[in-house]
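**Q** Residues 5 to 488, numbered by our numbering, are exactly what the sequence shown covers, in order.
Mind looking over this structure? Questions follow.
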Amino acid sequence: MSQKSLKNNAFFNFIRSFLNIAFPIVSFPYASRILMPEGIGKVNFANSVVDYFVLIASLGIAQYATREAAILREDFNKLSKFLKEILLITLFATLFAYILLIISLFAVPKFHEYRMLMIVCSTKILFVSAGINWLFIAQEEYSYITLRTAIFQIVSLASLFLFVHKSDDYLTYAFIGIFSNAGSNICNIFYSRKFINILVKTKLQLKKHIKPVFYFFGISCSQQILNGIDSVMLGFIMNDTAVGLYAAAIKIKSLVTPLIATITGTLLPRASFYVSNNNSKKYDELIQKGLGISLFLSFPCTVGMICICRPFILLFCGENYLPAVSPMIVISPMIIASAFNSFLNDAIINPLKMEKKSFYIQFSGVALNVFLNYILIKKLNVLGAALSTVIIEYILTVARLYICFPTIKNTFKLRSILDPLICSFLMGIIINFLAKAIQNNFIYLSASIVFGFFSYIAFMIVIRNPIMKLFIIFFQSSVAKIIS
Numbered sequence: 005m006s007q008k009s010l011k012n013n014a015f016f017n018f019i020r021s022f023l024n025i026a027f028p029i030v031s032f033p034y035a036s037r038i039l040m041p042e043g044i045g046k047v048n049f050a051n052s053v054v055d056y057f058v059l060i061a062s063l064g065i066a067q068y069a070t071r072e073a074a075i076l077r078e079d080f081n082k083l084s085k086f087l088k089e090i091l092l093i094t095l096f097a098t099l100f101a102y103i104l105l106i107i108s109l110f111a112v113p114k115f116h117e118y119r120m121l122m123i124v125c126s127t128k129i130l131f132v133s134a135g136i137n138w139l140f141i142a143q144e145e146y147s148y149i150t151l152r153t154a155i156f157q158i159v160s161l162a163s164l165f166l167f168v169h170k171s172d173d174y175l176t177y178a179f180i181g182i183f184s185n186a187g188s189n190i191c192n193i194f195y196s197r198k199f200i201n202i203l204v205k206t207k208l209q210l211k212k213h214i215k216p217v218f219y220f221f222g223i224s225c226s227q228q229i230l231n232g233i234d235s236v237m238l239g240f241i242m243n244d245t246a247v248g249l250y251a252a253a254i255k256i257k258s259l260v261t262p263l264i265a266t267i268t269g270t271l272l273p274r275a276s277f278y279v280s281n282n283n284s285k286k287y288d289e290l291i292q293k294g295l296g297i298s299l300f301l302s303f304p305c306t307v308g309m310i311c312i313c314r315p316f317i318l319l320f321c322g323e324n325y326l327p328a329v330s331p332m333i334v335i336s337p338m339i340i341a342s343a344f345n346s347f348l349n350d351a352i353i354n355p356l357k358m359e360k361k362s363f364y365i366q367f368s369g370v371a372l373n374v375f376l377n378y379i380l381i382k383k384l385n386v387l388g389a390a391l392s393t394v395i396i397e398y399i400l401t402v403a404r405l406y407i408c409f410p411t412i413k414n415t416f417k418l419r420s421i422l423d424p425l426i427c428s429f430l431m432g433i434i435i436n437f438l439a440k441a442i443q444n445n446f447i448y449l450s451a452s453i454v455f456g457f458f459s460y461i462a463f464m465i466v467i468r469n470p471i472m473k474l475f476i477i478f479f480q481s482s483v484a485k486i487i488s
């Protein structure tokens, strides 16, 4: 298979993630005003709970399968055999997940009032087995993934405006949110025939996958708990309104973090391929660029989020969500830690098969997070959930850095941190000056994004940042292709 351009992969993956950000930015202001904090809180609570059952169905296979499929991608028969083995494992896991969900709906009193909503949300479990999105990531088919995502998100957005008109429409809102992924997974079934033949006759070997799959399942399980335990515990300890406020507080973080992770996400198949072929030179170059880009993007996003939190809440959520401003400020630094964690996972931990160490780190973080959430939510409500989440994310970052340091110590450069830190600080000063001069929230938010972006780029060009040079070269080559 011819090797695709890593820059093009990153570009298409960026566009896909941008679409994933654009859809909530357009849809959430409308939905939040129609459904109010209580309605948004109900959907968020139900999704947070159902996501644990989705996790059981998926078994954390995505990262393991991406790594292994990237290694096998040049062997059609071996890849086809691997896919059949993984699909069979996932099928059993999906059935088990539904059994647990049905039991939970009747056994947990808290779930009784959410039963219908959770049934609607649970339809996404059905498509886990058929999704095989990891196959297309391993094949670096980012153009297909991006086009598929765009089509179904446009349909979902149109459906939102057509069918959600009153506060009781939260069931419809939940279903529309699921439709985008469900449709994409159905498309995957047909497109996968380009790379594999599921009818190929071969002796299946499931046993060899069990151990690594369960390590990745443990990692994914603990990560899912970390992602959703704050909302779930807020729902149990406080109320739906608190969950709705927290959903607004983490909105920018939950949109921006995946956007930055698109860069490191494209590193996993390529890094796995380099490691399997003992190409240490290419691998080291990949690590250096990936780390630099992650920090280059995460620092200005963090500073920008802190600066625009209040106008963002007022403009996109409304005055009812103003108590979410302080938690939003607290949670902003998590963008840097999340971006760094994504890089370590995709470029080092997974390609070098260090999942066992990562497993122990993740579960330690879960135990500590539950403890901190219980203490801080009771004392500080929504702010406590935000504070607990940020503390745990940085503890996990330090722990992962410790096990990965021998790999990155020779490629790490201090200016990878200093350059974006200094330029982001200067950018923040400019945005704060705008806040004093502009009173209109929409104009201030728009001006902050535009002036913040161009000032940060200008500062990076002035100090001759090496990552900035990479972006300039990529931009110039892209323009040259369009012109020619």
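Note that the Cβ used here is the ideal one computed from N, Cα and C, for glycine as well.
1) For my contact list, Ile421 and Leu299 are in at a C-beta cut-off of 8 Å; report their separation, rounded to the angstrom.
2) Please classify Pro304 as buried or exposed, where buried requires at least 16 neighbouring CB atoms within 10 angstroms.
3) Out of Thr401, Asp288, Val279, which has the shortest C-alpha to C-alpha gap to Ile412?
4) Hey, how far is the Cα of Ile447 from the Cα of Gly322?
5) Where do the N-terminal and C-terminal ends of the alpha helix (DSSP H) with Ile465 fall, by residue?
6) Would you call the CB atoms of Phe140 and Ser184 closer than 7 Å?
7) Could you tell me the boundaries of the alpha helix (DSSP H) in which Ser362 lies?
8) Over what stretch of residues does the alpha helix (DSSP H) that includes Pro262 continue unbroken?
9) Measuring straight from C-alpha to C-alpha, what distance separates Cys125 and Arg77?
10) Here's a check: name, in chain order, each residue in its chain whose Cβ is nearer than 7 Å to the Cβ of Gln209, leaving out the five neighbours to either side.
11) Would a C-beta distance cut-off of 7 Å place Lys128 and Ile182 closer than the cut-off?
12) Any idea if Glu117 is buried or exposed, counting beta-carbon neighbours within 10 angstroms, 16 or more meaning buried?
13) Does Gln209 come out as helix, strand or coil in the three-state DSSP assignment?
14) Quick one: what's got a C-beta closer than 8 Å to Ile396's C-beta in the same chain, skipping five residues either side?
15) With distances taken between CB atoms, is the gap from Ile434 to Phe455 smaller than 7 Å?
16) Let me know if Phe16 comes out buried or exposed under the rule of 16 or more other beta-carbons within 10 Å of its beta-carbon.
17) Short of 7 Å in beta carbon distance, which residues of its chain neighbour Met5, apart from the five on each side in sequence? Order them along the chain.
18) Between the alpha carbons of Ser196 and Val217, how many angstroms are there, rounded?
19) For the region 414-430 and the region 378-389, state whether three or more C-beta atom pairs, one from each stretch, are separated by less than 8 Å.
20) Could you confirm whether any beta carbon from chain B is found closer than 7 Å to the beta carbon of Phe199?
21) Determine the contact status of Ser302 and Ile339, defining contact as a CB-CB distance below 7 Å.
22) Report the rounded CA-to-CA distance for Phe32 versus Phe96, giving the unit in angstroms.
23) Can the beta-carbon of Leu430 be found less than 7 Å from the beta-carbon of Phe463?
**A** Put simply:
1) In the sequence shown, counting from the first residue as 1, residue 421 sits at position 417. In the sequence shown, counting from the first residue as 1, residue 299 sits at position 295. That belief holds up - the Cβ atoms of Ile421 and Leu299 are roughly 6 Å apart, short of 8 Å.
2) Here residue 304 corresponds to residue number 300 of the sequence shown, with the count starting at 1. So Pro304 counts as buried.
3) Residue 412 sits at position 408 when you count from the first residue of the sequence shown. Closest by alpha carbon: Asp288.
4) Taking the first residue of the sequence shown as position 1, residue 447 is located at position 443. Taking the first residue of the sequence shown as position 1, residue 322 is located at position 318. If you take the alpha carbons of Ile447 and Gly322, they lie about 16 Å apart.
5) Taking the sequence shown and counting its residues from 1, one reaches residue 465 at position 461. Segment 445-466, the alpha helix (DSSP H) holding Ile465.
6) Locating residue 140 in the sequence shown gives position 136, where the first residue counts as 1. Locating residue 184 in the sequence shown gives position 180, where the first residue counts as 1. Contact flag unset, no.
7) The residue given as residue 362 occupies position 358 in the sequence shown. 359-384 is the span of the alpha helix (DSSP H), which, as asked, contains Ser362.
8) Here the question's residue 262 lines up with position 258 in the sequence shown. Per DSSP, Pro262 belongs to the alpha helix (DSSP H) from 255-269.
9) Numbered from 1 along the sequence shown, position 121 holds the residue referred to as residue 125. Numbered from 1 along the sequence shown, position 73 holds the residue referred to as residue 77. Each residue's alpha carbon lies about 34 Å from the other.
10) As a first step, residue 209 must be located in the sequence shown, where it is residue number 205. Taken in chain order, the residues that qualify are Glu89.
11) As a position in the sequence shown, residue 128 is number 124, starting the count at 1. As a position in the sequence shown, residue 182 is number 178, starting the count at 1. Going by C-beta atoms, Lys128 is nearer than 7 Å to Ile182.
12) Your numbering for residue 117 matches position 113 in the sequence shown. So Glu117 counts as exposed.
13) Your numbering for residue 209 matches position 205 in the sequence shown. Correct three-state label for Gln209: coil.
14) For the purposes of this step, residue 396 is taken as the residue at position 392 of the sequence shown. Around Ile396: Leu230, Gly369, Leu372, Asn373, Leu376.
15) As a working mapping, residue 434 is identified with position 430 in the sequence shown. As a working mapping, residue 455 is identified with position 451 in the sequence shown. In contact: Ile434 and Phe455 (Cβ atoms closer than 7 Å).
16) If you number the sequence shown from 1, residue 16 lands on position 12. The residue in question, Phe16, is buried, as its Cβ has 16 or more Cβ neighbours within 10 Å.
17) Residue mapping note: residue 5 aligns to position 1 of the sequence shown, counting from 1. Residue placement at Met5 is flagged as unreliable, the pLDDT there being 49, under the threshold of 50; the coordinate-derived value follows with that caveat. Cβ neighbours of Met5 beyond the five flanking positions: Arg77, Glu78.
18) Numbered from 1 along the sequence shown, position 192 holds the residue referred to as residue 196. Numbered from 1 along the sequence shown, position 213 holds the residue referred to as residue 217. Cα to Cα, the separation comes out at about 22 Å.
19) no
20) In summary, chain B is missing from the structure at hand, where a single protein chain is found.
21) Start at 1 with the first residue of the sequence shown, and residue 302 comes out as number 298. Start at 1 with the first residue of the sequence shown, and residue 339 comes out as number 335. Yes. Within cutoff.
22) Counting from 1 along the sequence shown, the entry for residue 32 is found at position 28. Counting from 1 along the sequence shown, the entry for residue 96 is found at position 92. Roughly 35 Å separates the two Cα atoms.
23) Mapped onto the sequence shown, residue 430 falls at position 426. Mapped onto the sequence shown, residue 463 falls at position 459. Cβ distance < 7 Å, so Leu430 and Phe463 count as in contact.
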